[in-house]
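The block underneath contains the structure these notes are about, expressed in structure tokens.
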Amino acid sequence: LAGFTKQLALDYAEAGIQVFGIAPGAVKTAMTAADFEPGGLADWVASETPIKRWIEPEEIAELSLFLASGKASAMQGQILTIDGGWSLM
522 LAGFTKQLAL DYAEAGIQVF GIAPGAVKTA MTAADFEPGG LADWVASETP IKRWIEPEEI
582 AELSLFLASG KASAMQGQIL TIDGGWSLM
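Each residue of the sequence shown is one higher than the one before, starting from 522 at the first, in the working numbering.
Here it is as structure tokens:
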């Protein structure tokens, strides 16, 4: 997906169309609810993540809103990692 994002960004930049990729880490959603049940991985994931917690869906939404707001007008083709530092390890 990273290559696809970058190619789309190159193809559409002159038309003023911005393209970004968002690479989330462990996000607390209905899809990950089983991880929060007894015996699940929620505590382990949080303890192994540098910020010591899961990402909230609202944090992904806020990043998306920023990218769509016009305040990121000088950005194009970036893959934005929002994973609490997981990818640093």
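Even for Gly, the Cβ is constructed at its ideal location relative to N, Cα and C.
Since we're looking at a predicted model, the values are computed, not measured.
Counting along the chain, I581 sits inside the alpha helix (DSSP H) bounded by residues P578 to A589.
When DSSP states are grouped into helix, strand and coil, T602 belongs to the strand group. Measuring C-alpha to C-alpha distances from M596 to each of F525, V540 and A536 identifies V540 as the nearest. Between the alpha carbons of T602 and I581 lies a gap of roughly 10 Å. By the neighbour-count definition (other C-beta atoms within 10 Å, threshold 16), T570 is a buried residue. Burial of A530 is indicated by the presence of at least 16 other C-beta atoms within 10 angstroms of its C-beta.
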